[in-house]
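Residue numbers (the UniProt record's numbering): 1 to 364.
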């Protein structure tokens with residue numbers, strides 16, 4: 001991959017100046033192939049030091065196996081140790097360092113060794129399967145680093161990538177002639193992207209929809225650079241060659257989930273977001289009172305009808321259970337024709353029209 005652009009570095013510098021520090025994950029996101037650009041990385045870190053922006057080493061650090069990278073971060077730690085110790089919190093990175101050191105000791109396999117081990121694996125040789133897995137753990141780390149900054153920690157990403165590696169070993173067929181690393185890369189990436197879709201959100205989004213959201217965000221960023229402003233949904237839809245309704249749907253589901261318990265305002269009051277959201281499913285007190293009055297008016301207007309007429313109107317208009325019945329259904333209930341039910345209904349409604357309560361019912 002090419003080195004980060006000056007614009008990307010300047011954005012990270014400005015972000016660090018605003019809050020006084022940058023994290024290791026942010027640097028790794030800017031330098032995804034850090035081992036290829038150690039000189040640029042060292043210059044960037046020295047620039048941070050000159051302007052007083054602190055570098056915070058995270059638990060999911062980017063410390064590598066080779067001596068050159070270790071020297072770079074030793075220099076960072078030595079530089080930071082000269083500053084005031086109460087300015088920036090020190091975060092442990094022992095677990096990721098230990099893991100990277102361990103897998104760095106495992107030798108890689110050449111093509112002949114891969115084939116030989118694959119043949120043994122087909123005969124259910126668990127030792128051969130283990131050797132293939134261990135020799136490719138560094139491939140998982142390399143791929144996982146490219147997903148840092150997307151909700152899951154580097155350690156979690158490596159773990160999910162290892163699951164994909166296990167599946168690749170199980171399904172690898174050496175007779176097709178391609179290298180195992182080429183085959184395993186697809187399985188590792190799939191495992192990581194699926195984990196991001198399943199675990200990084202409070203409400204799960206299907207994997208295919210996550211891919212659509214990622215494409216949407218790429219188009220949005222490109223249009224922001226081209227237009228110099230936030231693009232309209234119509235412009236994004238045209239660029240993606242998708243209907244406007246689908247783009248609007250993508251915008252809605254791509255938003256972060258917010259808890260109803262989130263505090264609102266800067267004061268110490270116990271105001272929460274849920275206090276300001278209308279519950280449209282619950283009937284308001286005034287509507288409940290109006291509905292109760294309407295029920296009383298209807299009951300009074302129907303008092304002069306015979307029990308048979310009352311029952312027919314109740315079934316026809318769903319006055320008791322909220323379910324309206326057809327003339328034929330009511331006819332079967334009373335064992336008469338649908339025409340007879342229509343006549344009884346018309347006569348009952350005519351009686352209600354002449355009832356003194358009708359004026360109050362017209363208000364509804």
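A virtual CB, placed ideally from N, CA and C, is assigned to each residue, including glycine.
Quick one: what's got a C-beta closer than 8 Å to residue i's C-beta in the same chain, skipping five residues either side?
i: residue 204; result: 197, 198
i: residue 140; result: 158, 161, 162, 164, 165, 188
i: residue 71; result: For residue 71, the pLDDT reaches just 48, beneath the cut-off of 50, and the residue's location in the model is therefore unreliable, leaving the point undetermined.
i: residue 81; result: In this prediction, residue 81 scores a pLDDT of 46, lower than 50, which makes its location untrustworthy; no coordinate-derived value is stated.
i: residue 358; result: 301, 352
i: residue 210; result: 193, 196, 197
i: residue 248; result: 233
i: residue 9; result: 30, 44
i: residue 317; result: 324
Taking residue i as part of the beta strand (DSSP E), name the residues at either end of that continuous run.
i: residue 23; result: 21-23
Can you give me the Cβ contacts of residue i inside the same chain, cut-off strictly under 7 Å, excluding the 5 residues immediately before and after it?
i: residue 129; result: 121, 169
i: residue 250; result: 212, 213, 216
i: residue 304; result: 351, 355
i: residue 144; result: 154, 157, 158, 161, 192
i: residue 244; result: 233, 234, 237
Could you check whether the Cβ of residue i sits closer than 7 Å to any heavy atom belonging to the ligand FMN?
i: residue 249; result: The ligand FMN is not part of the structure shown, which contains no ligands of any sort.
Beta-carbon within less than 6 Å of residue i's beta-carbon, same chain only, minus the 5 sequence neighbours each way: which residues are those?
i: residue 327; result: 338, 341, 342
i: residue 192; result: 147, 157, 160, 161
i: residue 115; result: 174
i: residue 360; result: 297
i: residue 167; result: 187
Considering residue i, what are the terminal residues of the alpha helix (DSSP H) in which it resides?
i: residue 226; result: 207-227
i: residue 355; result: Unbroken run through residue 355: none, as it is neither H nor E.
i: residue 51; result: Premise fails: residue 51 is in no alpha helix (DSSP H) and is neither H nor E.
i: residue 233; result: 233-240
i: residue 183; result: 180-199
i: residue 140; result: 137-145
i: residue 156; result: 154-171
i: residue 247; result: 244-253
i: residue 177; result: Where residue 177 is concerned, there is no enclosing alpha helix (DSSP H), given that its DSSP letter is neither H nor E.
i: residue 281; result: Segment: none, residue 281 is in no alpha helix (DSSP H) and carries neither H nor E.
i: residue 149; result: Where residue 149 is concerned, there is no enclosing alpha helix (DSSP H), given that its DSSP letter is neither H nor E.
i: residue 115; result: 111-122
Per DSSP, residue i forms a beta bridge with which residues?
i: residue 105; result: Looking at the DSSP assignment, residue 105 forms no beta bridge with any residue, so it has no partner.
i: residue 263; result: 272
For a cutoff of 8 Å on Cβ pairs, would you count residue i as touching chain C?
i: residue 167; result: Of the protein chains in the structure, only one exists, and it is not chain C.
Looking at C-beta atoms only, is the number of pairs between the region 296-304 and the region 323-343 that lie closer than 8 Å three or more?
Counting Cβ pairs under 8 Å, fewer than three are found: no touch.
Count Cβ pairs between the region 220-236 and the region 164-180 that sit closer than 8 Å; are there 3 or more?
No, the region 220-236 is not in contact with the region 164-180.
Decide if the region 96-112 is in contact with the region 132-147; the criterion is three or more beta carbon pairs, one per stretch, under 8 Å apart.
The answer is yes - the region 132-147 touches the region 96-112, with three or more Cβ pairs under 8 Å.
Contained beta strand (DSSP E) runs [length at least 3] in the region 288-334, N- to C-terminal order:
Fully enclosed beta strand (DSSP E) runs of 3 or longer: not present.
Measuring CB atoms only, is the region 345-358 touching the region 308-316, in the sense that at least three cross pairs come out at less than 8 Å?
Judged by Cβ distances under 8 Å, the region 345-358 makes contact with the region 308-316, as three or more pairs qualify.
Contact between the region 313-321 and the region 268-277: three or more CB pairs below 8 Å?
Because the criterion of three Cβ pairs below 8 Å is not met, the region 313-321 and the region 268-277 do not touch.
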